[in-house]
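Residue numbers (my numbering): 1260 to 1434.
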Amino acid sequence: MDDIRDVMVKIDINSSILERKIKRLAKELDDMADDRRIIKGWTDEERRELEECKSGLGNSFDVVNGIINTSLNCRQLSRKYWNNNSDKEDNQMFKDIADYFNDDAKFPEEKWYVHLINGNDESYLNRGVESKNIYPGSKKQTNNFQTQFTKQEVENINPDYLLFLEKVPVEELED
C-alpha cells in the first residue's frame, strides 16, 4: 500500500501534467478561433517596422502616406513599396497594412529550428508527426517529420532545447 506522501506526490505530478495539457488545448482552441488572414511575403525587417509603426502611429493611412512620401523613417517599408513591380503588388501591400492595423490580418507565428550541433546539418530536432518521437536529422520538414516549432512547442518537448533555437527565415516557413 502506498504511503500518503507517495500518493500526494503522484497527484501533484499528474495535476501539473494535466495543467500543461489544458494550457496547450486552450492555446490550440484560441488558434482555431482566430480567423484573421495570414500576411505572407514580408521580411522580418519589414514586419518589425510595420509593428513599430502600428504601436507609434495608430492608423494605417499615416503609414501608407509616410511610406509613399518617404517621410517616415521606415526604410524597409519604403524599399518594399518602391521595389514593387505592379499596382497589384502595391494594392496588396496597402491591403496588408490596413488589415494589420484593423486586426483583420496577422503575421505568421515565428517558428524555430532546434539545432543541436552547430556546423552539423544532420543535427536538427525532428519530431514524428504521428508518433511524437524525436530524432536528429536535417531541417527539411516533411509530411512525416516536424522540424519547425514554436517556442512553446520546444518548451513542451524539453525546456533545455531553448538554448539551441535558430529562427526559421520567413522564406522557409511551412504551414
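All C-beta atoms in this analysis are idealised placements derived from N, C-alpha and C, irrespective of residue type, glycine included.
Per DSSP, the beta-bridge partners of G1387 are F1404. The DSSP-derived three-state label of L1331 is coil. Ranked by Cα distance from K1399, the options Q1351, Y1372, S1337, F1320 are led by Y1372. For Y1394, the closest alpha carbon among the candidates N1377, K1410, I1416 is that of I1416. Taking C-alpha positions only, L1421 is separated from Q1407 by approximately 13 Å. In terms of Cα proximity to R1386, the closest of I1376, D1419, T1401, N1377 is T1401. Runs of the alpha helix (DSSP H) lying entirely within the stretch 1293-1342, each at least 4 residues long, are 1303-1315, 1319-1327, 1334-1342 in chain order. Judged by their CB atoms, R1296 and D1349 are not nearer to each other than the 9 Å cut-off.
L1424 has V1373 as its beta-bridge partners, per DSSP.
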